[in-house]
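Shown next, in structure tokens, is the structure this report addresses.
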Amino acid sequence: MEEINFALNLGIIFGVTTNPLLFAKSKVKFKETIEEICNKVRTEVHVQTYGRKSEEMIKNALKLADLSKIIVIKIPANTEGIKAIKELHAMGVNTTATAILSESQALTSALVGANYVAPFYSRAQNFGINSLKLIAHIYQLYKIHNIDTKILVASIKTPKQAIDSLRIGAHAVTLPYNVLIEMLENPAIIPIIEDMHKAYEASFII
Numbered sequence: 243m244e245e246i247n248f249a250l251n252l253g254i255i256f257g258v259t260t261n262p263l264l265f266a267k268s269k270v271k272f273k274e275t276i277e278e279i280c281n282k283v284r285t286e287v288h289v290q291t292y293g294r295k296s297e298e299m300i301k302n303a304l305k306l307a308d309l310s311k312i313i314v315i316k317i318p319a320n321t322e323g324i325k326a327i328k329e330l331h332a333m334g335v336n337t338t339a340t341a342i343l344s345e346s347q348a349l350t351s352a353l354v355g356a357n358y359v360a361p362f363y364s365r366a367q368n369f370g371i372n373s374l375k376l377i378a379h380i381y382q383l384y385k386i387h388n389i390d391t392k393i394l395v396a397s398i399k400t401p402k403q404a405i406d407s408l409r410i411g412a413h414a415v416t417l418p419y420n421v422l423i424e425m426l427e428n429p430a431i432i433p434i435i436e437d438m439h440k441a442y443e444a445s446f447i448i
């Protein structure tokens, strides 16, 4: 929560995405943590539902949606996930189609009403997929066909990946805390700032 508070106080983030793998590692209380995040963020909190079949995904998604109106349900963009997104869209529940590694996943997710699609930048590269080309192609596809679904790039490991994604057409990126800090603290400017401090210390008088 300290990292979330820090990022929120900067005023440069517009929501929080959560990750089931990180929840498992941290061993925090899931429901209480989600509610605490929602109380602090007050914009959007993306939370992944659970289930191997669409019916189970939907049941758990509705439980999550009941926790807060700002929750956006993350759902893997496979066959069962697409079925779940379609049903949840009909119920007025906002969704993010996650684990996007192909244009076809992005298209089918959008067609059934996903509010966001989340291409996995680093995961895609691990499979030999050109991540930037994937993002650009999804953007072009949506633009040509007047699709309103937003591109939210995940699995970002470096500031360059984040900036490149936004430049190529992504509407937003979700960053781990360490990447956010790297974007704020460029080592190259340290000596420049130090020179400024020294100059002011010698002459700055008000």
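Just so we're aligned, residue 243 is where the sequence shown starts under the working numbering, counting upward by one. Don't be surprised by glycine CBs; every beta carbon is placed ideally from N, CA and C. Owing to the predicted nature of the structure, the values given are computational and were not obtained by experimental measurement.
By the criterion of at least three beta-carbon pairs nearer than 8 angstroms, the segment 255-269 is in contact with the segment 280-297. Taking a C-beta distance under 8 angstroms as the contact criterion, V314 and T338 qualify as a contact pair.
With a beta-carbon spacing of about 5 angstroms, I398 and L417 fall inside the 8 angstroms limit used to define contacts. For L394, the closest alpha carbon among the candidates M438, Q367, A360, Y419 is that of A360. The Cβ atoms of A348 and L383 lie closer than 8 angstroms to each other.
For V359, the enclosing beta strand (DSSP E) covers residues 358-361. In the three-state reduction of the DSSP assignment, H288 falls in the strand class. DSSP places A319 in the coil class of the three-state scheme, outside both helix and strand. Every beta strand (DSSP E) stretch that sits fully inside the segment 339-420 and reaches 3 residues is listed by chain position as 358-361, 392-395.
Residue environment for N247: exposed (fewer than 16 other C-beta atoms within 10 angstroms of its C-beta). Judged by DSSP secondary structure, E244 falls within the alpha helix (DSSP H) whose first and last residues are 244-252. Collapsing the DSSP output to three states places I313 in a strand.
Counting the other CB atoms within 10 Å of its CB gives N420 a total below 16, which places it among the exposed residues.
Looking at the backbone, the Cα of I410 and that of P262 are separated by about 28 angstroms.
In the three-state scheme derived from DSSP, where H, G and I count as helix and E and B as strand, T260 is classed as coil. Of the residues assessed, I386 falls on the exposed side of the cut-off, its CB having fewer than 16 other CB atoms within 10 angstroms.
Following the DSSP letters along the chain, one finds M438 inside the alpha helix (DSSP H) bounded by residues 432-445.
Here the segment 296-305 lies against the segment 322-335, with 3 or more beta-carbon pairs under 8 angstroms apart.
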